[in-house]
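Using full-length UniProt numbering, you'd call the opening residue of the sequence shown number 209 and step up by one each time. Following: one structure in structure tokens, then a few remarks.
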Amino acid sequence: EQEVAEYRKSLAIRVSGFDVPRPVKRFEDCGFAPELMRAIAKQGYEKPTTIQCQALPIVLSGRDVIGIAKTGSGKTASFVLPMIVHIMDQPELQKEEGPIGVICAPTRELAHQIFLEAKKFAKAYGIRASAVYGGMSKLDQFKELKAGCEIVVATPGRLIDMLKMKALTMMRATYLVLDEADRMFDLGFEPQIRSIVGQIRPDRQTLLFSATMPRKVEKLAREVLSDPIRVTVGEVGT
Ligand code: ADP
Ligand code: MG
Numbered sequence: 209e210q211e212v213a214e215y216r217k218s219l220a221i222r223v224s225g226f227d228v229p230r231p232v233k234r235f236e237d238c239g240f241a242p243e244l245m246r247a248i249a250k251q252g253y254e255k256p257t258t259i260q261c262q263a264l265p266i267v268l269s270g271r272d273v274i275g276i277a278k279t280g281s282g283k284t285a286s287f288v289l290p291m292i293v294h295i296m297d298q299p300e301l302q303k304e305e306g307p308i309g310v311i312c313a314p315t316r317e318l319a320h321q322i323f324l325e326a327k328k329f330a331k332a333y334g335i336r337a338s339a340v341y342g343g344m345s346k347l348d349q350f351k352e353l354k355a356g357c358e359i360v361v362a363t364p365g366r367l368i369d370m371l372k373m374k375a376l377t378m379m380r381a382t383y384l385v386l387d388e389a390d391r392m393f394d395l396g397f398e399p400q401i402r403s404i405v406g407q408i409r410p411d412r413q414t415l416l417f418s419a420t421m422p423r424k425v426e427k428l429a430r431e432v433l434s435d436p437i438r439v440t441v442g443e444v445g446t
């Protein structure tokens, strides 16, 4: 325990919550399947970034996480890699349809970047990812979602539109990510986020990532996450 505490300190990682899994030092310590290890190597990722060292083992353990680290620290892979594992863990035969992993991001640019990152790792397994955001034809998006997918990366407004059009159902969704939560609040997406969260089964795994933690985001996190573990890397303001 002392060693773990010192390792965290050396990386400027702070954690709170009960039973926090220990941080990893290498991707090899995450228990990833060979296909996923190959996809990681193909990205040129040699070792986990600081946030990944601590967030990966926690997310892989199934716990809810609040991850706070500055832009460029590698938060995306902290939720995308465990999402692939989570999807592959689902029973093969499912009556339900619709995405298993749902990722919300504030802007179409961010949603698109996450979509690209998810696709790189999903490809190896034949997992289908769809991007859902404004500026694309609603009809095309409707058709794509109707064809089925396991991952949806979306801006909140357009995802609500697609849910209203019944382009997808959240019956199968068990892994929800709210990325750049502070920016989603700045852009006024709180009602949409609450609506989306309300449509996903409560026994889901929920992850919230943010560069800062304003009080309103804190309040949402308390309401929609269960026994979360908070991971903070570096000095982060509110
Ligand atoms: P954040 O969401 O925290 O702003 P990103 O997830 O967008 O950061 O990652 C920032 C950059 O770091 C991206 O170009 C990504 O490909 C790269 N990256 C992520 N993880 C690793 C890693 N383990 N090794 C090397 N580069 C990485
Ligand atoms: Mg990010």
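Using N, Cα and C, we set each Cβ at its ideal position, and we do this for glycine too. Predicted model only: the values in this text are computed from it and were never measured.
Going by CA-CA distance only, name the one from Glu-236, Lys-217, Gly-343, Ala-263 that's closest to Val-439. As a first step, residue 439 is located in the sequence shown; it is residue number 231 there, counting from the start. Residue Ala-263 is the option with its Cα nearest to Val-439.
What residues in its chain sit with their C-beta under 7 Å from that of Thr-315, if we drop five residues either side in the sequence? Position 107 of the sequence shown, counted from the start, is the residue given in the question as residue 315. Annotation for Thr-315: Thr-363 place their beta carbon closer than 7 Å to its own, counting only its chain and skipping 5 residues before and after.
Compute every distance between the C-beta of Glu-443 and the non-hydrogen atoms of the ligand ADP, then say whether any falls below 7 Å. Walking along the sequence shown from the start, residue 443 turns up at place 235. Incorrect: Glu-443 has no Cβ contact closer than 7 Å to the ligand ADP.
Is Ser-345 helix, strand or coil by DSSP? By one-based count along the sequence shown, residue 345 stands at place 137. The DSSP-derived three-state label of Ser-345 is coil.
When we look at the beta-carbon of Arg-234 and count the other beta-carbons within 10 Å, is it buried (16 or more) or exposed? Here residue 234 corresponds to residue number 26 of the sequence shown, with the count starting at 1. Per the 10 Å Cβ criterion, exposed.
Can you find the residues in the same chain that come closer than 7 Å, C-beta to C-beta, to Tyr-215, ignoring five residues on each side of it along the sequence? By 1-based counting over the sequence shown, the position of residue 215 is 7. Excluding residues within five positions, the ones whose Cβ falls inside 7 Å are Pro-231.
Kindly indicate which three-state DSSP category Gly-442 falls into: helix, strand or coil? Position 234 of the sequence shown, counted from the start, is the residue given in the question as residue 442. Three-state result, Gly-442: coil.
For the segment 276-283 against the segment 254-263, are there 3 or more C-beta pairs whose distance is under 8 Å? The segment 276-283, when compared against the segment 254-263, does touch it at the 8 Å Cβ threshold.
May I have a chain-ordered list of the alpha helix (DSSP H) segments no shorter than 4 residues that lie completely inside the segment 333-395? 346-355, 364-372, 389-394
Outcome for Glu-358 when other beta-carbon atoms lying within 10 angstroms are tallied against a minimum of 16: Counting from 1 along the sequence shown, the entry for residue 358 is found at position 150. The residue is buried, with at least 16 neighbouring Cβ atoms inside 10 Å.
Cβ-based burial, Lys-217 [other Cβ within 10 Å; buried from 16]: In the sequence shown, the residue the question calls residue 217 occupies position 9. With fewer than 16 other Cβ atoms within 10 Å, it is exposed.
Could you please give the first and the last residue of the uninterrupted beta strand (DSSP E) stretch that includes residue 464? In the structure as shown, the chain starts at 209 and stops at 446, and residue 464 therefore has no counterpart that could be examined.
What do you reckon, is the C-beta of Ser-269 under 7 Å from a heavy atom of the ligand ADP? Within the sequence shown, the letter at position 61 stands for residue 269. Checking the Cβ of Ser-269 against the ligand ADP gives no.
Please work out which residues of its chain come closer than 6 Å, Cβ to Cβ, to Leu-397, disregarding the five sequence neighbours upstream and downstream, and give them in chain order. Within the sequence shown, residue 397 is the residue found at index 189, counting from 1. Residue identity differs from the one stated: residue 397 is Phe in this sequence, not Leu. Correct list, in chain order: Pro-364.
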